[in-house]
Each structure stands twice: as C-alpha cells, then as structure tokens.
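Asker: Just passing along the structure, written as structure tokens.
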Amino acid sequence: MPSSMPIIIDTDPGQDDAVAILLALASPEIDVLGITAVAGNVPLRLTEKNARKICELAGKPETKVFSGAIRPMVRQLVTAEEVHGKTGLNGPQLAEPTMPLQPQHAVDFIVETLMREESGTVTLCALGPLTNVAQALNREPKIAPRIKQIVLMGGGFFEGGNVTPTAEFNIYVDPHAADVVLKSGVPIVMMPLDCTHKALTTAKRTAAFRNRGTRVCVAVADMLEFFERFDEQKYGTDGGPLHDPCVIAWLLKPELFSGRFCNVTVETASELTMGMTVADWWGVTKRPKNATFMRDIDHEGFFELLIERIGRL
Ligand code: RIB
Ligand code: CA
0 MPSSMPIIID TDPGQDDAVA ILLALASPEI DVLGITAVAG NVPLRLTEKN
50 ARKICELAGK PETKVFSGAI RPMVRQLVTA EEVHGKTGLN GPQLAEPTMP
100 LQPQHAVDFI VETLMREESG TVTLCALGPL TNVAQALNRE PKIAPRIKQI
150 VLMGGGFFEG GNVTPTAEFN IYVDPHAADV VLKSGVPIVM MPLDCTHKAL
200 TTAKRTAAFR NRGTRVCVAV ADMLEFFERF DEQKYGTDGG PLHDPCVIAW
250 LLKPELFSGR FCNVTVETAS ELTMGMTVAD WWGVTKRPKN ATFMRDIDHE
300 GFFELLIERI GRL
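Using numbering that gives the first Met the number 0, the first residue of the sequence shown is number 0, and each one after it goes up by one.
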C-alpha cells in the first residue's frame with residue numbers, strides 16, 4: 000500500500016456518501032486533497048453543506064470543500080429526497096457547519112489540482128452524478144492522461160436499475176456526463192448495483208456501529224437506520240445497499256472486490272432506457288474495453304473495515 004493515496008472525492012451527500020467520506024477521512028493511507036459537491040440526491044446548496052457537516056462530524060474541519068455543478072449537463076436535475084430525506088442527511092442531528100466553503104468552483108479545483116499534482120498520482124472518487132468530472136474533462140482535456148484512475152459508484156447491468164427498471168441513479172441523473180467519463184480513456188473502476196446490492200446494512204451491522212458507541216459511529220447508525228428503510232420496503236431485505244463506501248473500500252482493500260475489465264456504454268438517446276449502462280461482460284461486441292465492472296464483494300470484510308476505521312474517528 001503506498002504511504003498515501005491522494006484523492007479527490009466528488010459527492011452528493013447522501014447518507015451513503017457520508018459513510019464513504021468518513022471512511023476516507025479515517026484512513027491514514029488516503030490523502031483527501033478536496034471534496035467537491037455536485038447536485039444529485041438533493042440540490043447543490045444541500046450537498047455542499049452536507050459535505051461540510053460530515054467533515055466536522057469527522058473532526059476534520061480543515062478539509063477543503065468545494066461547490067460544483069448545480070444541474071446535469073443536458074437533462075433536468077432529478078433528486079432523491081424520498082431516499083435521503085429533505086436535508087439529504089436525515090437521521091442524525093448534525094449542527095450547521097461552521098467550516099468555510101472554498102470560494103473556487105469545484106470544476107476549477109479538479110482541473111487545477113490535476114494539472115499541479117504529479118501526473119498519474121491522483122485518483123478521482125465519484126460518488127454521485129458525474130457532472131463535475133465530465134465538465135473538468137471537457138474544460139481541460141489535458142487532465143485525462145494525468146488522472147491515475149476514476150473509481151465511481153454507478154451503473155448496473157445484471158441487477159437492472161434502481162431509479163428506472165434499467166438505470167442506476169447517479170448515471171440516470173447525468174447520462175451525458177457518464178458518457179464523457181466512459182469515453183475519456185481514463186482507467187475506470189465501476190462499483191455498480193451488481194456489487195453494491197450485496198453490501199446490505201443489516202440490523203446486526205447497524206447495531207455494531209451503534210454499540211461501538213463513539214459519536215461518529217452513533218451518527219452513522221442513525222444515518223443507516225434512516226437511509227435503509229426505503230430499500231428495505233422496496234426489496235423486502237434486512238437492510239439496504241450501502242453503495243458509495245465501496246469506492247473508498249476498494250482503494251483500501253481491493254481484494255474485497257471482484258469483477259471484469261470490459262466495455263461499458265451508456266444510453267443517452269432512448270427515454271425508455273436512458274442512463275442504462277450496458278456491460279459487454281461476455282465480450283460479444285468489438286467495443287473497446289474501458290472499465291473494470293465489479294460484480295462481487297466480500298461484504299463481511301467490507302463492514303469489518305468500515306466499523307474498524309470509522310470507529311477510530
Ligand atoms: O444509486 C445509488 C447512488 O445514488 C449512490 O451514490 C447514492 O448516494 C445516490 O447518489
Ligand atoms: Ca452518492
């Protein structure tokens with residue numbers, strides 16, 4: 000494991016985003032260069048505020064948080080208050096943030112950081128719609144070969160979709176941005192629903208956070224108990240899928256995951272399948288391979304990592 004992995008987290012908090020951010024901030028192997036907020040689960044004015052609340056919950060008010068795209072590149076914004084609550088971070092009672100929001104636009108921060116940092120060292124961790132990432136790639140194409148990798152939560156194929164029968168929320172909100180990212184030539188690791196739906200926040204796992212007893216772990220338990228109810232009702236499962244922390248967990252323990260390098264293409268024309276990610280898992284087309292599409296997770300090991308690390312905060 001390198002001494003420190005410099006990353007930028009692009010995010011639309013969101014309780015699962017919050018757990019991912021806490022995992023990153025709790026892990027000494029990771030150097031969070033900045034957190035860039037994007038509109039997604041809730042509008043941008045809330046995602047940027049939630050990102051700052053999470054940094055203060057983690058005891059890291061020095062973390063740089065930036066505000067980015069207020070809406071997708073082409074389509075109208077679709078939000079998910081029914082899942083995350085009106086604030087986007089329903090569950091725990093978290094104080095209004097006092098740490099500053101950085102004045103620089105998130106897209107400018109992404110471009111400037113990638114042009115400054117040593118080429119091939121910075122990982123982009125995308126936890127929401129890919130609008131900021133795509134706009135950075137469009138604004139300065141020179142950043143593409145300088146990005147070490149993009150590790151993103153998004154998409155689904157064998158599992159279908161969660162916001163439509165065929166599309167996963169992050170990709171559905173901004174399919175045009177996803178298309179830019181998938182065609183960018185940057186190494187991509189995808190955490191689709193095929194993988195994240197196997198990482199359920201069961202009652203036992205939520206209790207493990209609550210019983211850890213720290214302020215942060217109790218807040219996480221409160222987040223999970225709110226966040227999971229929507230998917231428990233929808234899927235009839237014990238717990239709901241904890242999507243976004245899979246991105247950070249892969250950086251820390253890639254052996255927890257397995258998948259396949261294949262072509263992934265996104266639908267941007269048909270309204271019926273808008274935002275669908277078509278994974279050519281069996282290599283039946285000549286489309287160039289462009290992403291490692293994860294399908295399996297050691298979910299016991301995943302939650303052990305989460306509780307051990309976040310329990311340190
Ligand atoms: O479909 C799940 C994804 O959409 C997660 O990133 C969740 O936070 C929402 O943004
Ligand atoms: Ca998210």
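No residue lacks a Cβ here, since even glycine has one placed at the ideal position from N, Cα and C.
Quick check: is any heavy atom of ligand 2 less than 6 Å from the C-beta of G127?
Answerer: yes
Asker: What distance in whole Å lies between the Cβ atoms of L21 and I309, which are believed to be in contact at a cut-off of 8 Å?
Answerer: 5 Å
Asker: Using 8 Å as the threshold, is the segment 94-103 in touch with the segment 58-74, meaning 3 or more CB pairs across them?
Answerer: Yes: the two stretches touch, three or more of their Cβ pairs being nearer than 8 Å.
Asker: Using 6 Å as the cut-off, classify the Cβ of H242 as near or not near the heavy atoms of ligand 1, replying yes or no.
Answerer: yes
Asker: Would I316 and I29 be called neighbours here (beta carbons separated by less than 7 Å)?
Answerer: In the structure as shown, the chain begins at 0 and stops at 312. Residue 316 is therefore absent and cannot be evaluated.
Asker: Threshold first: 4 residues or longer. Then list the alpha helix (DSSP H) segments lying entirely within the segment 226-276, N to C.
Answerer: 244-251
Asker: From the DSSP output, read off the bridge partner residues of Q148.
Answerer: Residue pairing from DSSP places Q148 in a beta bridge opposite T122.
Asker: May I ask you to check if the CB of E167 is nearer than 6 Å to at least one heavy atom of ligand 4?
Answerer: Ligand 4 is not part of this structure, which contains only ligand 1 and ligand 2.
Asker: Does M0 come out as helix, strand or coil in the three-state DSSP assignment?
Answerer: Here the model assigns M0 a pLDDT of 46, short of 50, so the residue's position is not dependable, and the following value carries that caveat. Coil at M0, not helix or strand.
Asker: What residue ranges within the segment 156-233 form continuous alpha helix (DSSP H) runs of no fewer than 4 residues, ordered along the chain?
Answerer: Entirely contained in the segment 156-233, the alpha helix (DSSP H) runs reaching 4 residues are, in chain order, 168-172, 174-181, 192-195 and 202-211.
Asker: Could you tell me whether any non-hydrogen atom of ligand 2 is closer than 6 Å to the CB of G67?
Answerer: no
Asker: What residues in its chain sit with their C-beta under 6 Å from that of L119, if we drop five residues either side in the sequence?
Answerer: It should be noted that the sequence gives Gly, not Leu, for residue 119. Excluding positions up to five away in sequence, the list reads K147.
Asker: Measuring alpha carbon to alpha carbon, tell me which residue in A290, G33, V18 and A38 is nearest N169.
Answerer: A38
Asker: Report, in whole angstroms, the separation of the C-beta atoms of R294 and S257, which I expect to be a contact under 8 Å.
Answerer: 7 Å
Asker: Does the segment 228-238 come into contact with the segment 8-27, if we say contact requires no fewer than three beta-carbon pairs (one atom in each stretch) closer than 8 Å?
Answerer: no
Asker: Are three or more beta carbon pairs between the segment 179-188 and the segment 117-137 nearer than 8 Å?
Answerer: Touching, per the Cβ criterion.
Asker: Regarding N345 and ligand 1, is the C-beta to nearest heavy atom distance less than 6 Å?
Answerer: Summary: the structure shown does not reach residue 345, with the chain confined to residues 0 through 312, and so no result is reported for it.
Asker: According to DSSP, is V31 part of a helix, a strand, or is it coil?
Answerer: strand
Asker: DSSP beta-bridge partners for I296?
Answerer: I296 is bridged to F256.
Asker: Note down, one range per segment and in chain order, each alpha helix (DSSP H) of at least 4 residues found wholly within the segment 38-65.
Answerer: 43-56
Asker: With a threshold of 16 other CB atoms inside 10 Å of the CB of F226, please say whether the residue is buried or exposed.
Answerer: buried
Asker: With R115 as the anchor, note down where its alpha helix (DSSP H) starts and where it stops.
Answerer: A105 to R115
Asker: Suppose contacts are defined by Cβ-Cβ distances below 7 Å. Is V150 in contact with W249 by that definition?
Answerer: yes
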